[in-house]
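In what follows, a single structure is set out as structure tokens and then discussed.
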Amino acid sequence: MSTKRNNPETIVIHGGDYKSDPATNAVAVPIYRTTSYQFNNTEHAANLFALKEFGNIYTRIMNPTNDVLEKRVAALEGGLSCVTVSSGQTASSFAILNVAQAGDNIVSSTDLYGGTVSLFTHTLSKLGIEIRYADPSDPKNFEKMVDDKTRAFYGETLPNPYLRVFPIKEVSDIGRKYNIPLIMDNTASPVICKPIEHGAAIVIHSLTKYIGGHGTAVAGSIVDSGNFDWTADPKRQPLFNEPDASYGGVIWGKAVPELTGANVPFAVRARVCLLRDLGSALAPDNAFAIIQGLETVALRMKQHCENAEKVVNFLKKHKEVTKVIYSTEHNKPIADRAKKYLKGGYGPMVGIELNGGIEAGKTFIESLKMFYHVANIGDVRSLAIHPASTTHSQLNEKELAASGVTQSYVRLCIGIEHVDDIIEDLNQALNKSSKGKLRAVS
Ligand code: PLP
């Protein structure tokens, strides 16, 4: 069924063209555990390799289970095409490697997931791709860093620990003046934000998080909006305008629209060049697990956000909490961005600072009974972490402050349990936090 309905609750179940398995009529999407696919004849094989015909060649590059997931994620984000990959880290790596080569630069938001900072600052720089960091509180900071080697802008919709919503349209508009695409990491805000509607050209996800939702599989996706003209300024986007020696001299920006009728050269190049060369394919078993999560993501996001707002109201009144960090709890114009870009909820993540510094943070975490103490985000379960004693423990005081993490900062990912139980657990742990009482380990 190819649904024209634009409601996320429907798209995540019926999006794409999968109604039932063509071979068996199975309704649940089968796991196609195969590496390869029988070609009909030599002409068929040659056509597939030459991209004259589209079909399955080898599971490193495509797989029918992954294909269903890809079509649904593309539909959810309002894009035209999607490539799934082995993890969110692969999605962000591919998003950059697909547009930049040694000598090029990317202008990225400073508000990023730590793994992305490490990828950008340490690994991509060693490959000769420079990442320039711009503070997104003022979108003009992006423009100040553009030069003729800038190939893309990069941002995260709802980054922690600051939880400042990214100015998607403002930065996208600047990029479009220079033919620079905006790549958005929408991991923390599926359903409640659609970056493509605000001008983003590419949207990536760690599907591991809210889309998967159950903490059972690591996966990533790259959605091509189809809204970016890769050929408008050939010097700006050489990888889409110069012949690709690895693919018989094809010019991706021209060839893909001609061959497919869709303006999705970014997705096609990521698949047939980067998956071909670097691997990092998503296993169909994991695609299946993510498909199960995707079917309920719209429902879950509503509950995550509703619970988070009630938790914020509770925390704001608690005597042991000195500060609540939430997408709507910022000064203008940052708080206004939450209302502008998030629809149907203001996000599942909440930050708090506690009376009593690092010891209060540690005692609070150790006193939680229902919350899980994990580094992950985006699970049905409520999760908490104290970055100063864990993920950020190698940073000095200055580096901690620059990253937005204070000694007593705790990140909460509010789950979909009953909100009364979430608040009860937080309350009892907060009451212990200042007293330094540790939970007895049973
Ligand atoms: N992007 C964001 C915003 C994340 O939070 C994460 C992981 O926490 C990633 C990317 C990387 O995803 P993965 O763990 O699936 O590689």
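Going by our numbering, the letters in the sequence shown line up with residues 59 to 500, in that order. Every residue gets a Cβ at the ideal spot worked out from N, C-alpha and C, and that includes glycine.
Kindly examine the ligand PLP and report whether one of its heavy atoms sits closer than 6 Å to the Cβ of residue i.
i, result
"G548", "No answer is possible for residue 548: it lies beyond the span of the chain, which begins at 59 and ends at 500."
"V143", "no"
"Y171", "yes"
"D243", "yes"
"S264", "yes"
"V175", "no"
"V276", "yes"
For a test of the three-state rule: what should DSSP assign to residue i, helix, strand or coil?
i, result
"R327", "helix"
"Y305", "helix"
"H263", "strand"
"A158", "coil"
"L352", "helix"
"E387", "coil"
"E475", "coil"
"D437", "coil"
"D335", "helix"
"L502", "Because the chain in this structure spans residues 59 to 500, residue 502 falls outside the shown range and cannot be described."
"V281", "strand"
"T289", "coil"
"T380", "strand"
"T68", "helix"
"N163", "strand"
"I480", "helix"
"R63", "coil"
"Y399", "helix"
"G409", "strand"
"S78", "coil"
"S425", "helix"
Out of curiosity, what's the CA-to-CA distance linking residue i and residue j?
i, j, result
"N65", "G73", "10 Å"
"Y501", "K401", "Outside the modelled stretch of the chain, which goes from 59 to 500, sits residue 501, for which no answer is possible."
"K490", "S425", "7 Å"
"A104", "N98", "11 Å"
"K198", "V249", "28 Å"
"E3", "T208", "No statement about residue 3 is possible, as the shown extent of the chain runs from 59 to 500 and does not include it."
"V438", "F372", "20 Å"
"F152", "V126", "21 Å"
"A345", "R130", "12 Å"
"L155", "N218", "24 Å"
"E364", "S247", "14 Å"
"A149", "K427", "34 Å"
"E387", "T380", "13 Å"
"L441", "G473", "7 Å"
"L265", "T92", "22 Å"
"G311", "Q96", "30 Å"
"T117", "F107", "14 Å"
"P296", "F200", "21 Å"
"K235", "V314", "24 Å"
"G257", "D231", "7 Å"
"D302", "L138", "23 Å"
"Q147", "H263", "9 Å"
"K495", "T421", "For K495, the pLDDT reaches just 43, beneath the cut-off of 50, and the residue's location in the model is therefore unreliable, although a value from the coordinates is still provided. Roughly 7 Å separates the two Cα atoms."
"Q452", "H362", "31 Å"
"G271", "G319", "34 Å"
"E182", "I410", "Here residue 182 turns out to be Leu, not Glu, going by the sequence shown. So the alpha carbons of these two residues sit roughly 33 Å apart."
"T289", "D205", "18 Å"
"A133", "G405", "21 Å"
"V223", "A396", "6 Å"
"T179", "Y212", "14 Å"
"L352", "I71", "8 Å"
Around the C-beta of residue i, are 16 or more other C-beta atoms found within 10 angstroms, so that it is buried, or is it exposed?
i, result
"P239", "buried"
"R329", "buried"
"V355", "buried"
"L484", "buried"
"G337", "exposed"
"F112", "exposed"
"E457", "exposed"
"E228", "buried"
"A446", "buried"
"E135", "buried"
"T142", "buried"
"R63", "exposed"
"S500", "Residue placement at S500 is poorly supported in this model, since its pLDDT is 31, which falls under 50; the coordinates are not used for a value here."
"T174", "buried"
"L333", "buried"
So, does the CB of residue i fall closer than 7 Å to a CB anywhere in chain D?
i, result
"P301", "Absence of chain D from the displayed structure is noted, only one protein chain being present."
Of all the alpha helix (DSSP H) runs that stay within the bounds of the segment 114-157, which reach a length of 4 or more residues?
122-135 and 146-155
For a minimum of 4 consecutive residues, which ranges assigned as the alpha helix (DSSP H) are wholly contained in the segment 170-219?
172-176 and 198-202
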